[in-house]
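Here's the structure we're looking at; comments come further down.
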Amino acid sequence: MEPVPSDIEIAQAAELLPVREVAGAVGLSEDDLDLYGKYKAKVHIDVLDKLADRPNGKYVDVTAITPTPLGEGKTVTTIGLSQGLHYIGKKVLTCIRQPSQGPTFGIKGGAAGGGYAQVVPMEDFNLHLTGDIHAVGAAHNLLAAAIDNRLMREARWSTDYLAKALCPKDEYTPSMMKRLKKLGIKSKKPSDLSAEDKERMFRLNIDPSTIQWR
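In this note's numbering, the protein residues as written are -1 to 212.
Now the structure itself:
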């Protein structure tokens, strides 16, 4: 297609196979899986014993690739290689790590591959796959990073610059409207605010001594 759609458009347009069918194609039954919805599952460790009499496959390790500025590196190469092997009739299983939150919430926007060589469902893979403990840890780490980032910005930026960075189009987001209401500030756009109200609205003024992590 020209132009090539964005990664998220490609991921959301993909027709996903239920994970039961994916597992069945390599000889696994539903009894070998812990299902997390239609498209995700954990494989039981005793599958190693169940399939012990099968011949070993070939192991291909993709590593130590310097990615381009936009991130095409190990993951894109690994998935693209797997797609190519499948296309020529080889049975392929691809094993990659779950992305950290850094790439997902940074400029790269994720670590699920890209274009037509990516993992789907992409949003689930980038944000959280399975497990309550991981969900709690991911939410905690994201909040910690957001607070650290906010402390740094507020220490370096003037209130006017902070306001312009948060509202570049001189309009409020829905969450900002809720904050205005909570603070008892009446305003239709940021440029209407007095210096005092702008300080109250856009500065969190978190006391670093109250933060528990170091």
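Just so it is clear, CB atoms sit at the ideal spot from N, CA and C, and this is done for glycine as well. As the structure is a prediction and not an experimental result, all values here were calculated from the model.
query: Output the distance between the C-alpha atoms of ASP59 and LEU149, rounded to the nearest integer angstrom.; result: 41 Å
query: Counting only runs that start and end within the stretch 35 to 98, where is the alpha helix (DSSP H) found for 4 or more residues in a row?; result: 45 to 48, 72 to 85
query: What do you reckon, are the CB atoms on ALA118 and TYR37 nearer than 9 Å?; result: At residue 118 the sequence reads Val, which differs from the Ala that was named. Contact flag set, yes.
query: For LEU14, which residues from the same chain have a beta carbon less than 7 Å from its beta carbon, with the 5 sequence-adjacent residues on both sides left out?; result: TYR37, VAL118, PRO119
query: GLY111 and VAL74 look like a contact to me (Cβ under 8 Å); what is the Cβ gap, rounded to whole Å?; result: 5 Å
query: Going by DSSP, which residues form a beta bridge with LEU115?; result: Looking at the sequence itself, residue 115 is Ala, so the reference to Leu does not match. Answer is GLY112, bridged to ALA115.
query: Taking the DSSP output, what are the residues bridged to LEU31?; result: VAL41
query: Pick helix, strand or coil for GLY129, following the three-state DSSP scheme.; result: coil
query: With distance defined between alpha-carbon atoms, name the residue in ASP29, ASP146, GLY113 nearest to GLU0.; result: GLY113
query: State the DSSP-derived secondary structure class of LEU164, mapped to helix, strand or coil.; result: helix
query: Considering only C-alpha positions, which residue in the set THR157, LYS179, THR102, LYS187 is nearest to GLU197?; result: THR157
query: For LEU83, I'd like the list of residues in its chain whose CB is within less than 8 Å of its CB, leaving aside the five on either flank, ordered along the chain.; result: VAL90
query: Spatial neighbours of LEU202 within its chain, please: C-beta separation below 8 Å, excluding the five flanking residues on both sides.; result: ARG148, GLU152
query: Can you tell me where the alpha helix (DSSP H) with ALA21 in it begins and where it stops?; result: 17 to 22
query: For LYS88 and ALA39, what's the separation of their Cα atoms in angstroms?; result: 23 Å
query: For ASN203, which three-state DSSP category applies?; result: coil
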